[in-house]
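Reviewing the structure listed below.
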Amino acid sequence: MNKIICGDAIKKLKELESKSINMCMTSPPYWALRDYGSTVEIIWDEPPQERNDPATGCPHFWKEKIKKETKLQAGNPEFQRPWREEASNTSSSQFCFLCGAWKGQLGLEPTFDLYIKHLCDIFDAVKRVLRDDGTCWINIGDTYGGLKGGGPDKLEREKRGIQWKDKSEKFITRPPKANVPDKSLCMIPFRFAIEMVNRGWILRNTIIWYKRNCMPSSVKDRFTVDFEYLFFFSKKKNYYFKTQYEKASEVSIERYKYGWDGNIDRDYISGPQNHLNKHLGKEENRQKLIEQGRNKRTVWTINPQPFSEAHFAVYPEELCETPIKAGCPKGGIVLDPFFGSGTTGIVALKQNKKFIGIELNKEYIEIADKRLKPFLEQTKLK
């Protein structure tokens with residue numbers, strides 16, 4: 174089952190069996206941050222009949238700059254999409270005059286609305302292949318409006334452990350249009366999460382990935398950003414989840430040891446709050462807290478993990494460990510539709526679980542194959 178599929182995520186997800194995946198763990202390309210080159214450009218938003226039968230579909234007439242006065246916008250309902258008017262003055266992408274499709278790479282859409290639409294279209298396809306008890310965990314970052322490249326400055330890239338060697342893959346130098354004031358955060362993670370909920374996903378947690386050892390920022394008029402978001406969605410109200418624990422603080426242990434209000438003879442809160450479980454202070458629960466820890470919180474301190482290969486944004490293995498432990502049973506399948514250099518697959522294999530990765534960039538697949546090889550060999554030996 175462990176495999177990497179090369180191709181467009183939406184198309185390749187259609188080839189997977191419905192309700193066959195236990196969980197999804199991934200980090201999509203961030204908006205307005207990097208140009209991965211023309212080899213990863215695909216056609217988006219084609220009318221359904223064209224997607225079903227490309228041979229008889231639109232021949233596509235591409236034009237970089239779509240002017241508002243074009244007559245096609247008036248008579249064709251396909252051209253009334255709200256993101257199309259917002260994008261009409263940009264030349265960073267191509268729209269088809271005939272059918273309204275857009276050609277480009279995920280993350281370089283002319284507006285963040287179109288980017289979020291494309292992301293959510295992909296996760297609609299993910300939802301189909303998820304089991305009804307499946308979950309989806311998505312790491313996504315924000316962008317500043319009106320800034321050159323839209324993404325992090327040099328020092329902020331260093332704090333993520335970002336390195337690159339291939340000059341065909343670069344940070345963009347001309348930002349797409351953002352309908353927010355210059356220098357304002359675009360709030361992309363939250364806009365994305367809201368649209369996911371609008372499409373039927375259940376948002377269970379917003380997790381903060383806090384990076385203790387982040388590099389200082391070179392900007393002078395705001396604070397250094399030292400965190401990213403990890404959204405935890407479920408497909409249904411009832412889903413597989415194995416509770417995870419973390420070490421309890423000494424203060425918490427002492428509180429349990431002496432009772433809620435410092436009185437060792439009383440195991441519950443006095444006053445109107447005593448409807449809470451009065452057994453919380455019993456000795457067995459105190460001991461359990463010491464040995465097992467407390468339920469894991471939603472701020473995770475995880476340092477970035479440098480990576481020497483050409484792939485830019487490699488999230489650390491530790492960021493994947495807890496979601497995969499919590500969301501996938503042993504022998505289950507973890508999906509990553511933006512597989513990149515294969516970190517999700519490595520963590521899945523380490524936990525005796527299987528993986529399916531989808532990646533459009535063939536060079537990244539070569540990197541992932543190289544990284545996964547020793548772990549796959551160990552799996553065969555078992």
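At position 274 of the sequence shown (counting the first as 1) the number is 447 in my numbering, and the numbers step up by one without a gap. In this text, a Cβ means the ideal position worked out from N, Cα and C, and glycines have one as well. All figures in this text were calculated on a predicted structure; none of them were measured in a lab.
Check	Outcome
From L281, D399 and I380, residue whose alpha carbon lies closest to that of P389	D399
Cβ shell of F528 (< 6 Å), same chain only, five flanking positions each side left out	N175, V507, G518 and A521
Where the beta strand (DSSP E) through Y383 begins and ends	I375 to Y383
Contact set for I538: own chain, Cβ-Cβ below 8 Å, skip 5 residues either direction	I177, C179, F512 and E532
8 Å contact criterion, which Y317 and L358 should meet: CB distance rounded	6 Å
Which listed residue (G230, E490, W374 and P496) has its alpha carbon closest to that of L545	E490
Host alpha helix (DSSP H) of V353 (start-end)	Looking at the DSSP string, V353 is not in any alpha helix (DSSP H), and its letter there is neither H nor E.
Alpha-carbon spacing of C309 relative to W374, whole angstroms	9 Å
Three or more C-beta pairs below 8 Å linking the segment 179-193 and the segment 298-313	yes
Proximity below 7 Å, CB of T474 to CB of Y383	yes
heavy atom of the ligand PLP below 6 Å from F405 C-beta	The ligand content of the structure shown is nil, which means the ligand PLP is not present either.
Exposed unless 16 or more other CB atoms sit within 10 angstroms - verdict on N534	buried
Those residues which DSSP pairs with N312 across a bridge	L403
Continuous alpha helix (DSSP H) stretch holding V299: start and end	F285 to V302
Cross-strand partners of I194 (DSSP beta bridge)	L303
Bridge partners - Y418, DSSP secondary structure assignment	N468
Classification of G248 by the beta-carbon crowding that lies within 10 angstroms, buried from 16 upward	In this prediction, G248 scores a pLDDT of 37, lower than 50, which makes its location untrustworthy; the coordinate-derived value is nonetheless stated afterwards. Flag for G248 reads exposed.
DSSP three-state assignment for L245, whether helix, strand or coil	Residue placement at L245 is poorly supported in this model, since its pLDDT is 32, which falls under 50; the coordinates are not used for a value here.
C-beta atoms of I380 and T471 nearer than 7 Å	yes
Residue range of the unbroken beta strand (DSSP E) whose run includes E532	K527 to E532
Bridge partners - Y317, DSSP secondary structure assignment	L358
Outcome for E536 when other beta-carbon atoms lying within 10 angstroms are tallied against a minimum of 16	buried
Range of the contiguous alpha helix (DSSP H) that encloses L522	T516 to K523
Closest by C-alpha distance to Q417, when choosing among K408, N468, Q524 and K184	N468
Between the CA atoms of G500 and V299 - distance to the nearest angstrom	15 Å
Helix, strand or coil at K503 according to DSSP, with G and I counted as helix	coil
Coil, strand or helix - D218 by DSSP	coil
Rounded straight-line distance, which links the Cα of S211 to that of L292	19 Å
Cβ-based neighbour list, E214, same chain, cut-off 7 Å, excluding 5 preceding and 5 following	K276, G277 and Q278
C-beta atoms of F234 and I311 nearer than 7 Å	no
Same chain, Cβ closer than 8 Å to K408, five either side skipped, listed in chain order	K300, L303, R304, D305, D306, G307, T308, C309, W374 and I375
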